[in-house]
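Each residue of the sequence shown is one higher than the last, beginning at 2 in my numbering.
Glycine is no exception: its CB is placed at the ideal position from the N, C-alpha and C atoms.
Keep in mind it's a predicted model, so treat the numbers as computed, not measured.
For reference, the structure is listed below as structure tokens.
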Amino acid sequence: MLKITVSCLSVWCAALTVVGAVVSPASAQTQTTQQAPNGELIEDQNQDELRPLAQSDSLLSLEGGEKLMQEASEAISSEQYEVAAAKLNQARRVFNQLSNYHLKLANIFSGIDRAVVEAQRNNALKSGQLRDQATYQLALVHRAQNQPELAVPLLIQVIESQNPTSEMGKKSYQQLYELGFVSAPMSPPAPASSSSAPIPSAQR
């Protein structure tokens, strides 16, 4: 079982490396120039530079949480599981805070500004999805550390948040089955009509 878990962790690390190589539009920096009366060109300060939480080194941001996950993947690659677990725990807290805050804002602006509500719901969805990914990877790290008692509650959190029929929910249940916590494998789901993905539930 340990070999299977380490293999899963290796695949995840490789995926994060590929994702990290792609520059997201949100983090792309652009600059404009203006001409001064004396003919010299003056660089305008990027608008994002005036917004501290929009910076990649801010912890209370998607970019900050993703940076922690990338650092965790590097620690996993070198089998530094204690470091990886600490980074993933920190990433989970960041993403969970973001998800809860954006959901609160969506509720506050409900019936007032539809555009704000939609934007905050989308931000909550992204944050909750990343939180659950970090939670799942933390469970795999605990498996690699031969600490199934720490992995089980994390896997159940993912199933509860994502729902059992989602891809992450099914993988989490499979982990519970491999650990011996559940005795029945999950049956293939019956065909159902497609629907929009629900927002992952809030966690404390």
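Integer Cβ distance of residue i from residue j, believed to fall under 8 Å
i    : j    : result
G66  : A92  : 5 Å
M169 : Y137 : 6 Å
T89  : L139 : According to the sequence shown, residue 89 is Leu rather than Thr. L89 to L139, Cβ: 4 Å. Contact.
Q176 : D133 : About 13 Å; that fails the 8 Å criterion.
A135 : Y82  : A135 to Y82, Cβ: 15 Å. No contact.
L180 : P149 : 5 Å
Buried versus exposed, by CB contacts within 10 Å (16 or more), residue i
i    : result
L61  : exposed
A76  : buried
N147 : exposed
D114 : exposed
A116 : exposed
I160 : buried
K68  : buried
N97  : buried
A185 : exposed
A37  : Note that A37 scores 47 on pLDDT, short of 50, meaning its location in the model is unreliable and no value can be drawn from it.
A29  : Its pLDDT being 40, under 50, A29 is placed unreliably by the model, and the measurement read from it follows with that caveat. Exposed, by the Cβ-count rule.
Endpoints, alpha helix (DSSP H) assigned at residue i
i    : result
I77  : 63 to 78
L104 : 82 to 109
G181 : First-last for G181: undefined, no H or E at that position.
Q130 : 115 to 145
S162 : 149 to 163
Nearest to residue i (by Cα), restricted to the options the options
i    : options                : result
G129 : Y102, V117, D114, S74  : Y102
A152 : L131, P165, T166, Y178 : Y178
A73  : A87, L63, E64          : A87
L156 : S167, Y174, M70        : Y174
E64  : A120, L180, N124       : N124
V95  : Q121, E80, L131        : L131
P210 : F182, L104, K171, P165 : Because the chain here runs from 2 to 205, residue 210 falls outside it and cannot be looked at.
E80  : P189, V142, V118       : V142
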